[in-house]
Amino acid sequence: MFNEKMYALGSKRSIIREIFEYCKTRAGEIGADRVFDFSIGNPSVEPPAEISQAICDLVNNESSVLLHGYTSAQGDASVRKAIADEINEKFGAGVGANNIYMTCGAAASLTISLRALLNAGEECVVFAPFFTEYRVFIENAQGRVVVSTPTPKTFQIDTKDLESKITEKTKAVIMNSPNNPSGVVYSEETIKAVTDILKRKEQEFSHPIYLIADEPYRELVFGDVTVPYLMNYYDNTIVCYSYSKALSLPGERIGYIAVSPKMQDSENVYLAICGAGRSLGYVCAPSLFQQVIKKTIGAKVDVNIYKENRDILYNALTEYGYECVQPDGAFYLFVKALEDDAYKFFEKAKLKEILVVPCDDFGVSGYVRIAYCVDKQRIINALPAFKALAEEYNK
Ligand code: PLP
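So for the sequence shown, our numbering puts the first residue at 81; every next one is plus one.
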């Protein structure tokens, strides 16, 4: 008999994928322009021009054997150095090439880190609302998911709740800011409070508690909002970074893990990461894209396009009576459903061809996520349907 757990995962698609697939079928039936698909976090902004330029330069000028060959398992040394230099320039974190491990995006960064850190039965705290795949990744590493509930309405971390959820078995805490699905950026005050708790709990239980910073949306912030760099607040930090959203390259599968050099036992944790990558069969991150990243350090997508979408959607929806947190980053709007059951709300929205994601699997019930990484016109075209939906509830 094959593995039952894997069968369960494969036969039950994530709700996001489920809705995304429905949208494609529905678009075939009534036309793509009449389906308001806000289901998936696929970047809608073009990658920076430097990316295609770098690909062409590399393909035309470099040795194909090297360019398409294996790199060392942890990634090409010159690529890791370029990334470490960039981190140090931006955050002064004192990271070296040997603290960087190249990965196939944030999902790989997380699965490798969790596999490296957790022993069977150990606990990993996640802050609701959280990216649904955390549960899959943690359980696959034989860990136990412990959910910390947020401060109502603001969706900032409730530090009292966090404190109550940390036990002797807590090995890691995952923090995701800017957050998927809320778009909330955790404030520096929150970060300080969280890391103070973790430091105290480490003392109390006499073992490290690792802070995993899941940062695929770090660069997607609006106005003068800044995202504190967690290594500068807490020594036992591992950053799981990805270029999927930062450079609009989700299909290219490229990212990295950065292990804080100030971490207790940093070198050995790095070796455990190498071992986890090996055991999971990653071999190495895509070679061509490692080089592309090195050549385009500092490149950025135009975040203002997302900001414009956010403003149109947030302003209109709040005017129609929807309740939502104003997101400071990422490309999601977290909206209170107009009835307690987010699935029923989802079904009613679907009748108006609006496809949003109910957030029960993200650890918060009664909310839906609207991914506004879409063409601006889709948002504008969907507004009358959102308005009609609100009016239907107000009748
Ligand atoms: N973490 C969060 C919070 C995400 O939203 C995503 C993707 O949507 C990932 C990790 C995985 O990103 P990647 O495509 O880089 O694997």
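Quick reminder that beta carbons are idealized off the backbone N, C-alpha and C, glycines included. These numbers were taken from a predicted model, which means no experiment stands behind them.
Query	Result
Any chance you could list the alpha helix (DSSP H) runs of at least 4 consecutive residues sitting entirely within the stretch 163 to 199, in chain order?	185 to 197
Where N83 and L351 are concerned, what is the direct C-alpha to C-alpha distance, given to the nearest angstrom?	29 Å
Where does S359 land, buried or exposed, given buried means 16+ other C-beta within 10 angstroms?	exposed
Using CA atoms only, rank isn't needed, just tell me which of Q370, E142, Y412 and V436 is closest to A422.	V436
Is D294 a contact residue of ligand 1, with contact defined as CB to any heavy atom under 7 Å?	yes
Tell me, which residues are paired with P128 by DSSP?	Paired residue(s): none; P128 is not in a bridge.
If you compare alpha carbons, which of K249, G185 and N220 is closest to R195?	N220
How close, in whole Å, do the beta carbons of R449 and Y473 come, if the pair is a contact with beta carbons under 8 Å?	19 Å between Cβ atoms; not a contact.
For P438, tell me which candidate among G90, K85 and S94 has the shortest Cα-Cα distance.	S94
Use the C-beta contact count for E203: other C-beta atoms within 10 angstroms, 16 or more gives buried, fewer gives exposed.	buried
Should N389 be counted as a contact of ligand 1 given a C-beta to heavy atom distance under 7 Å?	no
For ligand 1, is there a heavy atom less than 7 Å away from the beta-carbon of P330?	yes
Who are the near neighbours of E419 in its chain, counting only those whose CB is closer than 6 Å to its CB and skipping five residues on each side?	F425
Based on the DSSP output, what are the partners of G355 in its beta bridges?	According to DSSP, which records beta bridges pairwise, G355 is partnered with nothing at all.
On the three-state DSSP scale, how would you describe T250?	strand
Taking 7 Å as the cut-off, is the beta-carbon of L190 closer than that to any non-hydrogen atom of ligand 1?	yes
Which runs of the alpha helix (DSSP H) spanning at least 4 residues fall entirely within the stretch 315 to 399, listed in chain order?	346 to 359, 367 to 375 and 383 to 399
Between K251 and S267, what straight-line distance do the alpha-carbon atoms span, to the nearest angstrom?	24 Å
Between which two residues does the beta strand (DSSP E) harbouring K416 extend?	Y412 to K416
Among residues of its own chain, excluding the 5 on either side of A379, which ones have a beta-carbon nearer than 6 Å to its beta-carbon?	P128 and E130
Taking A465 as the reference, which of S124, V115 and N348 has the closest Cα?	V115
Is the beta carbon of S359 within less than 7 Å of some heavy atom of ligand 1?	no
For the alpha helix (DSSP H) that D241 lies in, which residues bound it at each end?	T239 to K245
Taking the straight line between their C-alpha atoms, what separation do you get for D241 and I271?	14 Å
Using a 10 Å radius around the Cβ and a threshold of 16 neighbouring Cβ atoms, would you call N316 buried or exposed?	buried
Please report the distance separating the alpha-carbon of L89 from that of N122.	22 Å
Quick check on the DSSP output: the alpha helix (DSSP H) that includes C103 runs from which residue to which?	I95 to I110
List the DSSP bridge partners of P487.	The requested residue 487 does not occur in the structure, where the chain is confined to residues 81 to 475.
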